[in-house]
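Protein chains: 2
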Amino acid sequence: MTFDQRRAELIDAAIRVIARDGLAAATTRAIVGEAGMPQGSLFYIFSSRDALISAVIEEITTTERRGALLSVEMSAPDRGLHEVLAAAMDAYLRLLQSNPDRELALLEVAAHAMRHDPPAAHRQWQTYRATVAEALSFIADTMSMRWTLPVTDLAHMVTSALDGLTLSWLTDRDGDAARRHIDLLAGTFAALAVSEHNPVSATGASPQGETV
Amino acid sequence: MTFDQRRAELIDAAIRVIARDGLAAATTRAIVGEAGMPQGSLFYIFSSRDALISAVIEEITTTERRGALLSVEMSAPDRGLHEVLAAAMDAYLRLLQSNPDRELALLEVAAHAMRHDPPAAHRQWQTYRATVAEALSFIADTMSMRWTLPVTDLAHMVTSALDGLTLSWLTDRDGDAARRHIDLLAGTFAALAVSEHNPVSATGASPQGETV
DNA sequence: GTCTATAAGGAGATAGAC
DNA sequence: GTCTATCTCCTTATAGAC
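In the order they appear, the protein sequences are chains V and S. Residue numbers for the first sequence follow numbering that gives the first Met the number 0, beginning at 0 and rising by one. Residue numbers for the second sequence follow numbering that gives the first Met the number 0, beginning at 0 and rising by one.
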């Protein structure tokens with residue numbers, strides 16, 4: 000087993016432990032136990048427990064969560080903007096519902112980073128926002144629409160809305176409330192776009208009868 | 000010093016320690032040190048460290064944060080709905096900016112509660128939502144408006160938006176972005192109200208020329 | 001390079017003096 | 001009721017055997 004394999008396995012084990020038992024319970028012993036390694040082996044791969052936690056933050060940032068958004072829009076090019084946005088957010092909600100502990104772990108790690116490694120927390124959210132911005136641009140292109148706000152501002156708002164949705168659902172576990180919430184959000188964001196062919200329309204169902 | 004005084008002082012000291020150094024650093028020794036008490040005294044007031052943390056959650060829930068919302072609307076009865084909502088959210092943003100560690104502490108304690116005492120986390124957010132709902136009703140009454148959505152759904156959305164705003168600002172500390180965000184939110188929420196006198200208008204500046 | 005054994009210290013909680 | 005001293009357990013990290 001190579002150095003990199005062990006490193007990756009330790010990060011993965013740490014994420015599993017944090018998701019299952021919380022960050023406070025993610026001791027070096029618990030992590031190596033999860034990974035099936037002797038305790039000392041952690042320290043010739045990472046210089047300290049904190050170094051491992053920082054690696055966990057980077058790993059979560061690059062692989063987790065908002066990927067669900069990108070997958071959905073691909074599959075719905077012929078519907079209205081409201082529906083596409085709602086479907087994307089609904090996909091995220093299902094991800095959250097199917098793995099709440101993982102999202103909670105993400106929150107704990109982010110809070111840890113805000114205190115012990117603020118730039119890492121900053122990067123984490125910048126990555127989320129960039130992913131959302133990409134998705135929003137993709138949607139606009141596919142549907143021949145244009146956002147009436149800078150896409151970075153819009154991505155900021157959408158990311159923030161998803162954060163709020165996450166905290167709401169984690170505290171009340173009320174899927175119906177979350178779906179009503181998503182519907183309202185979709186309407187709000189859909190109103191911030193206009194068709195390129197028919198600039199006054201904001202519904203998303205572009206007429207397609209005009210010239211280019 | 001009475002039992003209740005010591006209890007209150009310990010809770011207060013715990014909040015200070017958590018805000019300054021994080022929940023993980025809030026050991027029983029650190030807390031009694033902050034309170035200027037001997038270590039053992041904690042355990043004939045609270046049965047365990049976790050019991051103290053639970054008391055901290057209840058304390059934070061009842062006294063912190065969203066009170067800023069209520070203070071502001073009182074002072075602005077003659078402006079448009081958009082402005083009133085923006086002013087209230089701006090007041091919250093200033094509270095956040097003036098004491099970020101305290102909001103971060105709140106987040107850490109909430110994450111802890113989601114794992115170790117879910118009903119407490121639920122109550123915490125229910126309290127937030129109830130406070131916001133009250134404020135929204137008060138605004139509607141004062142301005143002779145009516146919300147076009149159930150006020151509980153609206154409170155859910157607004158609370159969620161504030162949660163998102165909090166996480167956004169905590170990660171990027173970008174006050175300008177937060178203010179743009181608030182302006183958009185205020186517009187969105189203002190659009191969900193109609194004047195009682197002139198039901199088609201959603202701007203908030205009610206004409207006042209009609210009959211009742 | 002890999003693992004075992006252990007060091008050194010901090011944690012929550014309690015027993016017992018006053 | 002109040003505080004001191006201490007018990008026991010578990011933590012991160014390392015020294016040294018293989």
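Built from N, CA and C at the ideal position, the CB exists for glycine as well.
- Trp124(V) and Ser167(S) have their C-alpha atoms roughly 8 Å apart.
- At a cut-off of 8 Å between beta carbons, Arg114(S) contacts chain V.
- Met88(S) counts as buried, since no fewer than 16 other beta carbons sit within 10 angstroms of its beta carbon.
- A Cβ-Cβ distance of about 6 Å is found for the pair Ile44(S) and Leu9(S), placing them in contact under the 8 Å criterion.
- Between Arg28(S) and Gln38(S), the alpha-carbon positions lie close to 6 Å from each other.
- In the structure shown, the three-state DSSP call for Ser143(V) is coil.
- Under DSSP, Val193(V) takes part in a beta bridge, and its partners are Arg145(V).
- Leu183(V) and Asp162(V) have their alpha carbons spaced roughly 15 Å apart.
- For Met0(V), there is no enclosing alpha helix (DSSP H), as DSSP gives it neither H nor E.
- Listed along the chain, the chain S residues whose CB falls inside 7 Å of the CB of Gly21(V) are Arg114.
- Not a single C-beta of chain V is nearer than 8 Å to the C-beta of Arg28(S).
- Using a Cβ-Cβ cut-off of 8 Å, Trp124(V) counts as an interface residue toward chain S, since at least one Cβ of chain S sits closer than that to its own.
- Taking C-beta atoms under 8 Å as the contact rule, Arg145(V) and Val193(V) qualify, at a distance of about 6 Å.
- By the rule that beta-carbons nearer than 8 Å mark a contact, Thr170(V) touches chain S.
- With a threshold of 8 Å between beta carbons, Leu183(V) makes contact with chain S.
- Proximity of chain V to Leu164(S) at the Cβ level (cut-off 7 Å) is accounted for by Ser159, in chain order.
- When Arg128(S), Leu41(S), Glu133(S) and Leu164(S) are compared, the shortest CA-CA separation from Asp3(S) is found for Leu41(S).
- Taking a C-beta distance under 8 Å as the contact criterion, Arg122(S) and Thr60(S) qualify as a contact pair.
- If you draw a straight line from the Cα of Ala18(V) to the Cα of Asp77(S), it is about 50 Å long.
- With distances taken between CA atoms, His196(S) lies nearest to Met142(S) out of His111(S), Thr26(S) and Met142(S).
- The beta carbon of Met88(V) does not come within 8 Å of any beta carbon belonging to chain S, so the residue lies off that interface.
- Listed along the chain, the chain S residues whose CB falls inside 7 Å of the CB of Glu107(V) are Ala110.
- Judged by their CB atoms, His81(S) and His180(V) are not nearer to each other than the 8 Å cut-off.
- Within chain V, the residues placing a beta-carbon under 7 Å from that of Arg179(S) are Asp152, ordered along the chain.
- Secondary structure note for Ala24(V): it is in no alpha helix (DSSP H), with a DSSP letter that is neither H nor E.
- Taking C-alpha positions only, Leu164(V) is separated from Thr26(V) by approximately 30 Å.
- Within the same chain, Gly174 come within 7 Å of Gln96(V) by CB-CB distance, once the 5 residues on both sides are set aside.
- Close to Thr61(S), with beta-carbon spacing below 8 Å, lies no residue of chain V; the smallest spacing is near 16 Å.
- Boundaries of the alpha helix (DSSP H) harbouring Ser97(V): Leu80 to Ser97, taken from the DSSP string.
- Annotated three-state conformation of Arg172(S) is coil, per DSSP.
- Counting of Cβ neighbours within 10 angstroms places Met0(V) among the exposed residues, the total staying below 16.
- The residues Ile17 and Ala18, in chain order, have a CB closer than 6 Å to that of Ala104(S) in the same chain once the five nearest residues on each side in sequence are set aside.
- Using a CB distance cut-off of 8 Å, Thr187(V) counts as an interface residue toward chain S.
- Here the alpha carbon of Leu22(S) sits roughly 24 Å from the alpha carbon of Arg93(S).
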